[in-house]
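Here the structure is laid out as structure tokens; the discussion comes afterwards.
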Amino acid sequence: MYYKERTFRDKFFLVTKGLAMGAANKVPGVSGGVVAFVAGFYEEFIYSLQKINGKAFKLLINGRFTSLYKYINGRFLALLIFGMLVSYFSISKILDYFIAKKELYVWAAFFGMIVGSIYYIAKDFHYWNRKTIISFLTGLAVGISISFLSPAKENDNLFFVFFCGMISVSGMTLPGLSGSFILILLGNYVLLLVDSVNALYDTIGDLFKGDFSFVSDPERIRILEILGIFTLGSTIGLVTLSHLLNYVLKHFKHISTAVIIGFISGSLGVVWPWKTAIYKTDVQGNFLNDSNGVKIIQNYKRYIPDFTNLDTWIAFIFIIIGIAIILILDWYGKRTRKKV
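Read in order, the letters of the sequence shown correspond to residues 1 to 340 in UniProt numbering.
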């Protein structure tokens, strides 16, 4: 695969796409892989990850860092991952705020983005036959089924945390399959994407202030240990899945695209804007809270929007905005490809 030279503007937009991927990966029901697919760098992303293999390991051991950097398309991965990391400590926190304050509008925008993504992927797909239709229906059925599953209980066993890391990373590599929603189903969304990220954020802040008192805080150390194992599992899962997906995309491109369209269509139920949260309770019926005192969401009850309510019409405006964002990305991608 040929890696094109990137201008400063291209690099800036690549970091921006990383920001979008990071934010999308944290929102239940939204897949960072959809961002990669629609923004036009999905295949390069998978191919670059697939280059992290035995040859890359040998280059690392032999100290040939420049060759390693070029071999794995290091500039592309570094800019993208940098954007994702910045997102986790900035945009995703802003997103958390708006979900708490204006949840309907946030879900509406993401719903619109997914509708736009379905249009984007399906509009140029002209390979419908019996195999691809069955593949689409299979992806659709799995996507719908996942949205109605009930979450498990939180589990901080390190082997299970490692497994969560390997599974949740699917949201970055499989468009339409939300890694964060999978973590909700596994019961560890709050532990791994809220408590752990907040603990790391606080720890970095303490280090900058020269405060090392956290080393004597067993709870902070435990959370950081959990985050480390989760990150290791995510890294191994990301590389492993990329090898598998590279093979699938190369040998079963039309079938896999049909499955992806089905997955994304099925995920619309997860991000349906008009819903109320169902919170976890104990045997006495008392609400269960996470370590920050926030009630833990178990699932959602969906309902038909009330068209006499002004908020409903504002939500539809946000759906249109979400669709427009995808169409703009599509326009930008076409314009960029024409220049190459």
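Ideal Cβ positions, reconstructed from N, Cα and C, are used throughout, including at glycine. From a predicted model like this one, the values you see are computed outputs, not experimental measurements.
Can you tell me the Cα-Cα spacing of LYS101 and TYR303, whole angstroms?
20 angstroms
Residue closest to ILE52, alpha-carbon to alpha-carbon, out of VAL35, LEU238, ILE278 and MET113
LEU238
Counted within 10 angstroms of its Cβ, other Cβ atoms place THR66 as buried (16 or more) or exposed:
exposed
Straight-line Cα distance separating ALA315 from ASP206
40 angstroms
In the DSSP assignment, find the beta strand (DSSP E) that holds ILE278 and state where it starts and stops.
275-279
So, at 6 angstroms on beta carbons, what are the nonlocal neighbours of VAL259 in its own chain, with the 5 sequence-adjacent residues on each side left out?
SER135 and GLY139
Can you give me the Cβ contacts of PHE98 inside the same chain, cut-off strictly under 7 angstroms, excluding the 5 residues immediately before and after it?
VAL106
Taking one C-beta from the region 258-272 and one from the region 140-148 each time, how about it: are there three or more such pairs within less than 8 angstroms?
yes
Quick one: measure Cβ to Cβ for ILE326 and VAL38, integer angstroms, because I've assumed they're closer than 8 angstroms.
6 angstroms
Express the C-alpha separation of GLU103 and THR276 in angstroms, rounding to a whole number.
10 angstroms
Name the one or two DSSP bridge partners that ARG302 has.
LYS275
Note the first and the last residue of the continuous alpha helix (DSSP H) segment covering GLN284.
Run containing GLN284: none; DSSP gives neither H nor E here.
Selection from LYS131, LYS58 and GLY54 that minimises the alpha carbon distance to HIS254
LYS131
Any 3 or more C-beta pairs closer than 8 angstroms across the region 203-221 and the region 10-24
no
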